[in-house]
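Undergrad: My structure is below; once you've seen it, I'll send some questions.
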């Protein structure tokens with residue numbers, strides 16, 4: 001939780017762990033406070049914290065956010081994912097927050113028109129017999145995409161995409 005991540009990374013002698021962690025020569029911070037989530041400057045702030053600290057407190061979703069930004073958008077937020085993970089409040093994560101799920105993708109309206117094409121490509125790629133290129137196979141794929149573009153219910157943008165790919 002945000003409150004716990006910020007609390008545990010601060011210098012408060014009664015609640016924070018910062019002074020204790022510093023006894024071992026380690027630096028600690030969080031990726032969850034307002035500075036890390038400010039529009040325009042949040043990524044830079046998180047990058048600095050990841051580089052300058054040994055321990056980062058935060059919520060699972062905020063680490064997931066940074067990993068996805070690195071892997072899928074090429075953001076330079078951190079050089080490495082981390083060497084270890086310590087999970088506190090597991091009961092909170094498993095029981096209290098069981099309804100919170102990170103969805104990497106959702107259904108896209110109209111993609112059903114490409115489903116059959118993707119299935120055929122997947123079968124061809126994973127079928128040992130089909131893995132060798134031939135003009136006949138290329139012609140079959142071309143014919144299939146032609147048939148797909150002639151479906152009247154196919155959205156215009158997808159039809160344009162298929163025509164341009166051919």
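Residue numbers (full-length UniProt numbering): 1 to 166. Where is the CB? At the ideal position from N, CA and C, for every residue including glycine.
May I ask you to verify whether the stretch 47-62 touches the stretch 72-86, counting CB pairs closer than 8 angstroms and requiring at least 3?
TA: Cβ pair count under 8 angstroms is three or more, so yes.
Undergrad: Identify the continuous alpha helix (DSSP H) that holds residue 56 and give its terminal residues.
TA: Careful: residue 56 lies outside any alpha helix (DSSP H), inside the beta strand (DSSP E) at 55-57.
Undergrad: Going by DSSP, what residues sit across from residue 28 in a beta bridge?
TA: Answer is 55.
Undergrad: What's the C-alpha gap between residue 121 and residue 146?
TA: Each residue's Cα considered, the two are about 15 angstroms apart.
Undergrad: Can you tell me the Cα-Cα spacing of residue 39 and residue 133, whole angstroms?
TA: The straight-line gap from Cα to Cα measures roughly 49 angstroms.
Undergrad: According to DSSP, is residue 76 helix, strand or coil?
TA: If DSSP states are grouped into helix, strand and coil, residue 76 belongs with coil.
Undergrad: Which class does residue 87 belong to by DSSP, given the choice of helix, strand or coil?
TA: In this structure, residue 87 counts as coil in the three-state DSSP scheme.
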